[in-house]
Amino acid sequence: MIFHELTPKALNLNRLRLMKVALVLSAVSTCAFGADIEVWAVPGIHKVRPDDPAQSRNAVWDGASRTISVAGAKNEHVPFQVVISTEPPENRIDPPASGLFVTASDLIAPAGRIPSSQVKLYFEDDILCQAPSSPVGAGGFWPDALAPLTDPFSMAAAFRHTVKNRPIWIDIITPTDAHAGIYTGTVQVTQNGHPVSELNVRLTVYDFALPPDTHLITYMGVGADQLARFHKVSPSGAQALLRKYHAFLYANRMEPWFNEALQPRITQTGSSVALQFDEEAYDLYMNRWKTKRVILESVPHELAADPQMVRSYVQQVVEYYRKHGWLDRLVLNSPIDEPASAQAFEETRKWATVVHEAAPGVHFLATKTPVPENPAWGTLSGYVNDFSIHGNDLNNIRIEPAIAAERARKGELTWYISCDQVYPQPNYFIDAPAMDPVMVPWITWRYNLQGILYWDLKYWSQTVDPWLNPTTYLSGYLCSDGRNLNGEGSLLYPGSEVHRYTGQRDVDGPVSSIRFELLREGIEDYEYLWMLKSLGDVALADEVVHNMVATVGAFSRDPDRLYAARQKMARRIEQLTRRQ
């Protein structure tokens, strides 16, 4: 090697160059490790859009003390969101901020500890909505899909877009055996392994647990259709995937509507019919997962031409359920969906009569209001036991007396939301207000109904990819006066595309959404109401609900008001349980 002796002038020039390089590297390092990153928090009941301004204070967040304060019972989900904000690059060529990660510590109280494994973190993926779903909706990016957080992430979004805000959904699942009290911990944000921000977490655990069983009937459509296609498995693998989707439902206090695994296999031989039941599936769903309601077709299409064979089918179904002690969980569904003519009403009455003659006392369900629409069509009351009522029909002035009459006849009444229910009524659209799914169970209690129905949580047959195109139900355009219904019939995402769109690890099953999580929040609120009633204070339950809900189209969308109602119920439940 040849060494050249440097003059003092050359040495000084080299020192200046090195200082400039050091300053540049320092600036890059400072930017990379969080100097221009702001971290804040919002309630779970909030949709943080890419350009929303940071908040210094809200129902769960105090920016001055950097503290997130939340509360919940034992055996409850307690969600909130941590938001990472940084200005996007000035052009689409420069890379967005990356290497970001969020972790949570154990939560510690004087009497116990909730391990960090009970604190679940999810990357919120922004879904591009091409047009608004309602007068209060909007096009653009909306947070919705919740991918389990497994790897560092960036501020990049789909279509070469960079967002200013990246919310992370954090869900504390309080153990059933947790001690009541105040738990504290932290949430840490890092970039490329270097600390960016640390937030304090203060969790109040109330001195009671939500019951393990759910007292709201939930008919949620989740079938095997499209699972193999989107998860890129052979058709034979669809049923195994369906079990994972159903397990996800049960873990979130919901049940499937028309469970394929429980439909009996029908064999016709001449004029006789024989049924075969999947014993393994029935053991799983009825004994281990404790399904509340099983919906079976009252008139399978292959038997519809022969009422006598339908009677035989119904009798065999009833005998199987009676033998296993499940008869109170069986509901037979009308073959006429949403009857809306004299002929449809007559057909509904005909098949209801066939079912009741074959199996007196078994519940027969129709998706219809108990209030007659047209006197010339006659009534379904006395034929249909269980009515599932279209949300628009809850506006009828005669609906509440009709519900009371059917409840007196021991009927079970539910209601459902569909594409033609418009604001100010609630809906499950991606760009709908965050309070809408939460309030669905509250509205159920307000109208003295016993459950909810939703036609599908994964209707993907009309979309190339729900991660890219949220208009999964194209026909919704026709029933909504030309609206673009973002997320109609699709509250779940296929986990096979997680890495492609979020950089997180793929999921062998469903990926949740903010809307699904918020619906579960409302179902947990329903359990608060049920506990109040079971403990002897139905008056307070009704009072709290009436303060939140006037009608199906007039209810509070104020999270602060909801949190106050939850706290009021919780403190009263604590008083009542201590007396026992």
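Counting from 1, one number per residue, gives the positions in the sequence shown under this note's numbering. Glycine included, every Cβ here is placed at the ideal spot set by N, Cα and C.
Which residue marks the beginning of the beta strand (DSSP E) containing residue i, and which one marks its end?
i	result
W460	Here W460 belongs to no beta strand (DSSP E), and DSSP marks it neither H nor E.
D306	Element bounds for D306: n/a, residue is neither H nor E.
G72	67-74
I573	I573 -> not in any beta strand (DSSP E); alpha helix (DSSP H) instead, spanning 559-579.
S334	It is not in any beta strand (DSSP E) - S334 carries neither H nor E in the DSSP assignment.
W415	414-416
I582	Residue 582 is absent from the structure shown; the chain starts at 1 and stops at 580.
G181	181-191
Alpha carbons only, please: which of the options is nearest the one belonging to residue i?
i	options	result
K74	F208, Q575, P494, K120	F208
A111	K533, S496, R229, T204	T204
G522	I443, P494, M531	I443
L535	L210, S116, N259, W326	L210
V136	D436, R288, W530, G181	D436
L394	G237, V371, A305	V371
Q276	G139, E338, I266	I266
K368	P441, Y383, R288	Y383
D177	Y206, L199, P89, Q504	Y206
N252	T214, E412, Q263	T214
G476	E497, E543, P441, V422	V422
Y245	Y285, T577, F101	Y285
V102	V189, T67, N58, P79	V189
F516	L492, T86, A344, A554	L492
A281	L242, S234, T414, P53	L242
Are residue i and residue j touching if we call contact CB-CB under 8 angstroms?
i	j	result
S298	F387	no
D126	P148	no
A261	D283	no
F248	G509	yes
M439	V549	yes
I168	E124	yes
K47	I514	yes
C419	S490	no
W61	V42	yes
D537	R566	no
S133	N486	yes
C129	P470	yes
W377	A434	no
A131	N484	yes
E76	I217	no
V291	R329	It is Thr, not Val, that sits at residue 291 in the sequence shown. Contact flag set, yes.
D264	V331	Checking the sequence, you will find Pro at residue 264 rather than Asp. No, they are not a contact pair.
Q315	S461	no
I need the straight-line Cα distance from residue i to residue j, nearest angstrom please.
i	j	result
C31	Y501	With a pLDDT of only 40 at C31, under the threshold of 50, the placement of this residue in the model should not be trusted, and no figure is reported.
S556	L449	19 angstroms
R15	K232	With a pLDDT of 44 at R15, under the threshold of 50, the modelled position of this residue cannot be trusted; read the value that follows with caution. Taking the straight line from one Cα to the other gives about 59 angstroms.
Y122	F153	11 angstroms
I417	D456	11 angstroms
R202	L107	8 angstroms
V545	A340	32 angstroms
A402	G185	51 angstroms
I295	I45	32 angstroms
N410	R113	The question names Asn, but residue 410 is Lys in the sequence shown. The straight-line gap from Cα to Cα measures roughly 45 angstroms.
Q55	A405	49 angstroms
Y183	A157	35 angstroms
P494	R229	10 angstroms
A97	G221	39 angstroms
R446	D51	36 angstroms
A109	P300	56 angstroms
M155	L199	20 angstroms
L540	E347	43 angstroms
Y250	Y219	12 angstroms
L380	V82	51 angstroms
T162	K458	28 angstroms
G223	E488	16 angstroms
H356	D337	19 angstroms
With 8 angstroms as the threshold, decide whether the Cβ of residue i is near any Cβ in chain D.
i	result
P335	In the structure shown, chain D cannot be found, because there is only a single protein chain.
Residue i lies in the alpha helix (DSSP H); which residues open and close that run?
i	result
I403	399-408
S534	514-534
T502	498-502
I443	435-446
Report, in whole angstroms, the separation of the C-beta atoms of residue i and residue j, which I expect to be a contact under 8 angstroms.
i	j	result
G325	Q191	Their Cβ separation, rounded to whole angstroms, is 57 angstroms, which puts G325 and Q191 out of contact at 8 angstroms.
M569	L532	6 angstroms
V196	I93	Not quite, the Cβ-Cβ distance comes to about 25 angstroms (not below 8 angstroms), so this is no contact.
V273	Y321	With 8 angstroms as the limit, V273 and Y321 do not qualify as a contact, their Cβ atoms being about 17 angstroms apart.
V119	I170	6 angstroms
L453	W289	With 8 angstroms as the limit, L453 and W289 do not qualify as a contact, their Cβ atoms being about 19 angstroms apart.
A304	V187	Going by Cβ atoms, the distance from A304 to V187 rounds to 57 angstroms, so no, they are not a contact pair.
P559	A59	6 angstroms
P307	V354	5 angstroms
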